[in-house]
Every structure is written in structure tokens, then in C-alpha cells.
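Before any comments, here is the structure.
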Amino acid sequence: MRLPLDAENRAARFGHGEPCPGYEGFRGLDAGEWAGRTLDEVAGADPAAVHAWLTDPRYAPPGGESVEALIARVGAELDGLAAATHRAEVEQAVVRAAVVHALELPAAAFWRLDVRPESVTTLTGRSGRWNLLVGQRE
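Residue numbers (my numbering): 70 to 207.
See the structure below:
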């Protein structure tokens, strides 16, 4: 696992270096000083901090944002969408945050959601009433 992508890695994966053009609230988790490192690398240097991050949604990595803050930011972007169909290529953490917000789950559920890379997640509805489409066929 790698923590959020830097601009160069985003450009290689998504074709642009911007976190999420047109949907700035959907940029990936700000991992602060941990960005670009593997979770194993960070855990090797500071296992207590990684444990706190994985168990306390209010904990923020040094210079970064907490899972609670990510959920709030992604939720605000979702709630501000105009009535229409929107498509965005986002990092896995953003998908987790969107699902937690949309389904009004506790923030602790964030780490219980597995999101496959390059998969499609569909939320339908609107602010205040979201539905998650599960089992989508391509």
C-alpha cells in the first residue's frame, strides 16, 4: 500500500497531475509528512502513530488531515453537486470517505471498506439521500 499519490504518480495513473480537476473537494487524503511512503515504511519509523491513524478517525498524520476531516471535505463536495450525472477518477480513500458520508456511517467504518484500484463505485440520489449501487456489471 502506498499513501496518497504525488503529482507525478497521479499523472502516470490518471493522465494529469491534478488531484481531481473540477472536483477539488475530491482530492485524496492529505497524508502530510507520510505522503509517497508505504505504510510499512511509516510504521517502521513510528508504529504508534500508524496505529493511532488506523484506529482514531480524529488522528491526523504530521502535517496532514484526519479521516474525519477527509470525510467532511468529501461530504461537502458531494452535498454541493448540482443535480446531474458526475464522474470523477479519485483515490481509494476518497471512495471510502464518500461512502461513509453518503450512507451516514460512523467515521470508524472508513477502514472497514475495501476499494479495489481502478474499480467503479456508484452513488445515486442527491444531498441528504444517497444510495450505493453494489454489484455493478461492466
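Virtual Cβ for every residue (Gly too), placed ideally from N, Cα, C.
C-alpha distance - residue i paired with residue j, whole-angstrom precision
i	j	result
N200	A138	22 Å
E134	R185	23 Å
W180	E158	20 Å
G132	A114	16 Å
Y92	L123	26 Å
A104	A117	17 Å
R142	T154	20 Å
G204	V189	10 Å
Nearest residue (CA-CA) to residue i, options the options
i	options	result
V163	T154, A152, E187, A151	E187
E146	F95, E160, L174, V203	F95
L174	G101, G144, Q161	G144
A171	Q161, T193, A100	T193
Residue i vs residue j beta-carbon contact at 8 Å
i	j	result
A129	V119	no
P126	A166	no
T191	L202	yes
7 Å CB neighbourhood of residue i in its chain, flanking five on each side removed
i	result
R195	A152
Cβ-based burial, residue i [other Cβ within 10 Å; buried from 16]
i	result
L98	buried
E110	exposed
Cβ neighbours of residue i in the same chain (closer than 8 Å, five flanking residues each side left out)
i	result
G149	G94, S196
A121	Y128
Beta-carbon contacts of residue i that lie in its chain and below 6 Å, excluding the five residues immediately before and after
i	result
V169	I140, A178, F179
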